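What follows is a set of notes on a single structure, which appears directly below.
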Amino acid sequence: MATLNSSNSLSSTFYLTGIPGYEEFHHWISIPFCLLYLGGIMGNCTILHIVRTDPRLHEPMYYFLAMLSLTDMGMSMPTMISLFRVLWSISREIQFNICVVQMFFIHTFSFTESSVLLAMALDRYVAICHPLRYVTILTPRLITKIGIAALLRNAFAVIPLLARLPFFPFCHSHILSHSYCLHQDIIRLACADTKFNIIYGMIVITMLWGMDSLGIFVSYVFILHSVLKISSREGRFKSLNTCASHICAVLILYVPMIGLSIIHRFGKHSSPLSLILMGHIYLLVPPVLNPIIYSVKTKQIRQGILHLLLPPKITRAVM
4 MATLNSSNSL SSTFYLTGIP GYEEFHHWIS IPFCLLYLGG IMGNCTILHI VRTDPRLHEP
64 MYYFLAMLSL TDMGMSMPTM ISLFRVLWSI SREIQFNICV VQMFFIHTFS FTESSVLLAM
124 ALDRYVAICH PLRYVTILTP RLITKIGIAA LLRNAFAVIP LLARLPFFPF CHSHILSHSY
184 CLHQDIIRLA CADTKFNIIY GMIVITMLWG MDSLGIFVSY VFILHSVLKI SSREGRFKSL
244 NTCASHICAV LILYVPMIGL SIIHRFGKHS SPLSLILMGH IYLLVPPVLN PIIYSVKTKQ
304 IRQGILHLLL PPKITRAVM
């Protein structure tokens with residue numbers, strides 16, 4: 004029976020949802036989405052290129068920023084093809100196996116981005132509280148280990164959720180709530196006992212996001228404690244200003260993430276439009292805004308972009 008269910012699931016076709024009630028405007032709606040995706044890809048690729056090519060940016064803070072750019076793209080790009088297939092009326096269908104792969108990338112990189120933000124909080128803690136030991140503590144080897152450990156931790160946490168899906172029969176409607184696949188969306192369509200997935204999913208969210216957010220909070224408690232010891236007001240402001248970009252990155256990831264999880268689990272009677280809007284904010288806003296925030300708030304990144312876009316003479320005049 005399990006083999007039959009697995010075969011049925013793997014051959015199942017699901018149907019993605021665009022913007023309900025605005026189907027006739029999908030071609031026009033695709034334009035801002037296209038601009039957002041292009042903006043996110045170009046912004047993050049620019050950050051990666053500048054960090055890779057500018058020797059002055061070969062420091063822990065910028066290595067972590069490069070990791071953030073990679074996770075941003077890893078989280079948003081798997082949804083791009085399926086979204087435009089729906090908006091351009093090519094096809095709403097998605098096969099089960101493709102759906103599982105898409106879920107793996109979305110959820111893995113979503114959790115990994117949270118872990119990278121924790122690593123960036125620790126980077127700010129070391130930079131402010133132990134500035135003389137900053138380079139010796141956060142060596143390139145340690146940073147590489149942190150990045151690999153974050154990716155593996157979250158990938159292995161997601162696998163048990165997705166590994167059970169092929170054994171579920173899907174006898175309810177095969178219409179998904181988004182233009183991409185999410186575990187919390189597809190699990191509600193299963194005609195089987197899904198308690199393990201629901202409970203395990205909540206445990207994973209609580210443990211991973213909870214541990215990361217707690218680590219970020221504790222890091223900033225120590226940072227504030229250290230900053231308040233600085234005698235000059237200018238010194239305190241300068242130290243806190245180095246954390247502003249990171250705080251914004253934390254907010255633009257966690258606020259939509261928490262909102263989407265709450266709507267999926269408790270907002271059964273909420274408007275489908277609000278659910279879809281929150282889903283797109285969750286996947287598109289961080290990749291678009293993070294490069295902008297760090298470009299505006301970080302002088303070295305801003306200088307790197309100017310060097311990339313303008314001739315040297317003009318760049319020196321602007322700076």
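My numbering puts the first residue of the sequence shown at 4, with every later residue one more than the last. Don't be surprised by glycine CBs; every beta carbon is placed ideally from N, CA and C. The structure presented is a predicted model; accordingly, all values stated were derived computationally and were not measured.
Selection from the options that minimises the alpha carbon distance to residue i
i      : options                           : result
Ala153 : Ile131, Thr209 and Thr74          : Thr74
Gly262 : Gly42, Cys251 and Ser277          : Ser277
Val89  : Val258, Ser33, Thr111 and Phe170  : Ser33
Phe171 : Ile162, Tyr183, Leu192 and Leu155 : Leu192
Thr111 : Val299, Phe173 and Leu165         : Leu165
Ile284 : Ile255, Gln306, Gly204 and Phe159 : Ile255
Leu168 : Ile189, Pro35 and Ile265          : Ile189
Pro289 : Ser92, Ile97, Ser94 and Ser117    : Ser117
Met205 : Pro163, Trp31, Gln306 and Val224  : Pro163
Ser264 : Met281, Gly238 and Ile250         : Met281
Arg305 : Asp57, Ile97 and Arg239           : Asp57
Trp3   : Ile97, Glu62, Ala195 and His30    : Summary: the structure shown does not reach residue 3, with the chain confined to residues 4 through 322, and so no result is reported for it.
Environment of residue i [buried if 16+ CB atoms lie within 10 Å]
i      : result
Asn100 : exposed
Gln187 : buried
Ala69  : buried
Met4   : For Met4, the predicted structure reports a pLDDT of 39, less than 50, and the residue's modelled location is therefore unreliable. A value from the coordinates is still provided. Result: exposed.
Tyr18  : exposed
Asn157 : buried
Thr147 : exposed
Ile93  : exposed
Ile202 : exposed
Glu27  : exposed
Phe173 : buried
Gly46  : buried
CB-CB length for residue i against residue j, believed under 8 Å
i      : j      : result
Leu311 : Ile53  : 7 Å
Val104 : Phe67  : So it is not a contact: roughly 27 Å between Cβ atoms.
Cys132 : Ser235 : At roughly 17 Å, the Cβ-Cβ gap does not stay under 8 Å, so Cys132 and Ser235 are not in contact.
8 Å Cβ cutoff met for residue i and residue j
i      : j      : result
Ser248 : Ile296 : yes
His177 : Thr20  : no
Gly77  : Val291 : no
Asp215 : Leu121 : yes
Pro294 : Thr49  : yes
Asp126 : Leu145 : no
Leu86  : Tyr183 : yes
Tyr137 : Ser222 : no
Ile208 : Ala124 : no
Pro81  : Ile44  : no
Met83  : Tyr40  : yes
Ala160 : Leu217 : no
Pro275 : Pro23  : yes
Gly307 : Leu51  : no
Ser113 : Met260 : yes
Ile250 : Ser242 : no
Ile226 : Cys246 : yes
Residue i, enclosing alpha helix (DSSP H) - first and last residue
i      : result
Tyr65  : Pro63 to Ser79
Thr111 : Phe99 to Cys132
Phe36  : His29 to Thr56
Phe240 : Arg236 to Asn244
His181 : Premise fails: His181 is in no alpha helix (DSSP H) and is neither H nor E.
Leu278 : Pro275 to Lys300
Tyr137 : Tyr137 to Ile140
Segment limits, beta strand (DSSP E) that includes residue i
i      : result
Tyr203 : Unbroken run through Tyr203 is the alpha helix (DSSP H), Lys198 to Val230; no beta strand (DSSP E).
Thr147 : Note, Thr147: premise wrong, no beta strand (DSSP E); alpha helix (DSSP H) at Pro143 to Ala166.
Phe87  : Unbroken run through Phe87 is the alpha helix (DSSP H), Met83 to Leu90; no beta strand (DSSP E).
Thr16  : Thr16 to Tyr18
Residue i: CB within 7 Å of a non-hydrogen atom of the ligand SAH
i      : result
Ile151 : No copy of the ligand SAH occurs in the structure displayed, which carries no ligand at all.
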